[in-house]
Amino acid sequence: MRLATQVMLLQLVIVTLTLIVAFGLFAAFNRARLDSQYHVHATDIARVVASSPTVITNIARYDGAPLTPTPQLVDELARGPIQGVASRVQERTHVLFVVIANADGVRVADPQRDRLGRHISADIAGPLAGQETAAHDDTVLGRAIVAKIPVFEPGSNRVLGVVVVGLSTKAFDEQFSKNLQVLAGMAGALLVIAVAGSAVLARRWRGLTLGLRPAEITGLVRTQAAVLQGIGEGVLAADTSGYTTFVNDEACRLLEIANKTGRPVDQIGLTLRVLDVFEAADSAPVLASVGERIVVVSARPVSREGRALGTVLVVRDRTDVESLTRQLDAVQVMSTVLRAQRHEFANRLHLLNGLLQAGHVGEGLQYLEEILGSGPLGSALPGIEAIRDAYLQAFLAAKGAAAREAGVTLTIGENTWVSGRLGLPVDVTTVVGNLLDNAIDAARTGGNDVKEVEVELLQNGSTLHITVADSGDGVAPDFVDHLFTEGTTTKPDSGIPGGRGIGLALSRQISRALGGDLWLASAGDPQLRLRGAEFIARLPGVMVEEEQWATQT
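All letters in the sequence shown, in the order written, are residues 840 to 1392 by our numbering.
Right, here's the structure in full:
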């Protein structure tokens, strides 16, 4: 049975039971209300009769005297004033009967003449004791509501007689039946409305559940939860109001957030970069740093049949890939430098071979001396000899070659001195590489005729201090406060997945992870030769002294 049908049947059962209970309660309440009204009505009529001066004066004549239902007594009572009062009240109020008896229980007024002078059959012990009573009772005239009121002697509590008034329950039952008919009609109308509403709701449920049965929905939800929790990607979903509806464990791990659904997305601890991607929801993959991780995030809107359902954010871990990429970049730099050195070395050997083959031994020896005095092969950067680490030399040489291709001159600062070896070459080259790439690009696109970038490296124990300055136009004031925020860039979109604006943020993250920092020392000074921006980085623990290097190797 489909869920919509089950819901409809359940609603009908609940509505029907509710109507039955409500009908019963209303019927009981209505009967109690009518019963109270008729009791009060009968009691009021009996009180009026019992307080009548005619009744009080004349009933006293029969107090204590033995009465025998002789024809003379019956005729006297039938023509007497007490019977007249009783008959008039019965006629005007349309009650079933009005009976008046003396203190001995002998009828002195009765609608049936043959019962005058006879003892009353009803229990009048209560009224004779001065109590008023009213209750349903079976009488010779039929079922009635009977009120019994004592007749008191004026000025005392002595009971002279009893007034008994009966209201037929036929009118009571007719009124109660009319009320039940009205109630039944209302209940029927409500039941029809409930059936129609249940049918509409069932149709709505059928559309919402795609016609699936409860077991199928349960299985689908369990399967979906297992899949979303089991994949190696983080998934975060939110509704159209921006409240989270689902967060799997991988998303909590990668984004460093708690698994709390039902909260606004901007209050669960997402970084500004990730939050911007989520709000943009343009499906473009973007690199972002979260803690010590590099992740790729993308968000896209979700809809069904033209109705927006919310937004889904997908997170992939790129930390290991980015680390391998940086290592590969470093290897490629070394490979480029080695190819250049091999080419230069081959050219020199060919020249030396030609001199020796031609018998110019003296010139060959002189050429060798010139080679030995010209420094290492491929060292096209003046001052690079102040850096003893071959890896760092090769890296700077490669960056110098890239700068020359861009029309920019890369120079080594005069205060450069690096006597040790790199202990963390990937981290160092990542920071230096990002700073140099930005500086070269700024110098190339700047309005200064001088296209130059200066890098200065200074070792202090295991700490490496890095200063990079360029001759570009500097950093605009609007970008200074957001310079290290992910996604901040003045460069056009390259179309590369992940976009731009990650280099400086990543470099600062690496610096701070090492216990150091990266900051903007100068946004630009037109009075200087290198009037562009100047960045300084401090990287503790990345250098190894000669003795330590020898021990480790």
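The C-beta atom is built at its ideal place from N, Cα and C for all residues, glycine as well.
Beta-carbon proximity of residue i to residue j, cut-off 8 Å
i	j	result
LEU1369	ALA1308	yes
GLY1311	GLY1262	no
VAL879	VAL938	no
THR1084	THR1100	yes
SER1007	LEU912	no
VAL1135	LEU1126	yes
SER1314	ALA1362	In the sequence as displayed, the identity of residue 1314 is Val instead of Ser. Cβ atoms of VAL1314 and ALA1362: closer than 8 Å.
PRO989	GLY969	yes
PHE1374	ALA1352	no
ASP948	ALA925	Reading off the sequence, residue 948 comes out as Ala, not Asp. Contact flag set, yes.
GLN1232	GLY1259	no
ILE1349	THR1269	yes
LEU1378	ILE1305	yes
ALA1322	VAL1294	It is Leu, not Ala, that sits at residue 1322 in the sequence shown. For LEU1322 and VAL1294, no; Cβs fall outside 8 Å.
LEU1022	PHE865	yes
ALA1026	PHE862	yes
GLY1073	VAL1153	yes
VAL851	SER1037	The displayed chain sequence assigns Leu, not Val, to residue 851. Contact: yes.
GLY1000	ILE898	yes
ASP1088	GLN1068	yes
For residue i, the residue or residues it bridges with in DSSP
i	result
GLY1073	VAL1154
TYR1082	PRO1103
ASP976	ALA983
ARG1260	VAL1383
GLY919	Paired residues: none, contrary to the question.
PHE991	VAL998
SER1142	ALA1147
GLY1005	PHE936 and VAL985
ALA1127	VAL1134
LEU1359	PHE1374
Euclidean distance between Cα positions of residue i and residue j
i	j	result
VAL998	LEU873	31 Å
TRP1388	ALA1376	Any reading at TRP1388 must be qualified, since the residue scores a pLDDT of 46, below 50, and its modelled position is unreliable; no value is offered.
GLY1217	GLY1252	Residue placement at GLY1217 is poorly supported in this model, since its pLDDT is 46, which falls under 50; the coordinates are not used for a value here.
GLN929	PHE1015	23 Å
LEU1019	GLU1013	10 Å
LEU1114	ALA1077	12 Å
ILE1335	ALA1123	Residue placement at ILE1335 cannot be trusted, given a pLDDT of 42 that sits under 50; what the coordinates show is reported in the next sentence. Each residue's Cα considered, the two are about 10 Å apart.
SER1128	ARG1227	33 Å
THR1284	ALA1237	21 Å
PRO1140	VAL1086	16 Å
THR978	ALA881	15 Å
LEU1357	GLY1058	52 Å
LEU1303	TYR1230	15 Å
LEU1207	LEU1367	42 Å
GLY1024	LEU858	12 Å
VAL1271	GLU1244	19 Å
THR932	VAL887	12 Å
ARG870	ARG918	40 Å
PHE1234	ALA1278	16 Å
GLY1338	GLY1300	Note that GLY1338 scores 44 on pLDDT, short of 50, meaning its location in the model is unreliable and no value can be drawn from it.
GLY1145	ASP1121	17 Å
ILE921	ALA889	11 Å
THR909	GLY956	8 Å
ARG1112	ALA1241	31 Å
ALA942	LYS1017	41 Å
ALA974	GLN845	50 Å
THR1110	LEU1274	24 Å
GLU1395	ALA1065	What is shown of the chain runs 840 to 1392, which leaves residue 1395 out entirely.
Neighbour-count burial assignment, residue i, 16 or more Cβ in a 10 Å radius
i	result
THR896	exposed
LYS1009	exposed
PRO832	Nothing about residue 832 can be reported from this structure: the residues present for the chain run from 840 to 1392 only.
ARG1347	buried
PRO1316	exposed
ASN1254	exposed
PHE868	exposed
ALA1041	buried
LEU1188	exposed
VAL1381	buried
ALA1035	exposed
GLN876	exposed
THR972	buried
ARG900	exposed
SER1333	Low confidence applies here, because SER1333 scores a pLDDT of 45, under 50, leaving its location unreliable; read the following figure in that light. Flag for SER1333 reads exposed.
THR893	exposed
ARG1157	buried
LEU856	exposed
ILE884	buried
Residue i Cβ short of 7 Å to the ligand ZN heavy atom set
i	result
SER960	For the ligand ZN, the structure offers nothing, since it holds no ligand at all.
ask   = Unbroken beta strand (DSSP E) runs of length 3 or more, entirely within the segment 1236-1309: which are they?
value = 1248-1251, 1291-1299 and 1302-1309
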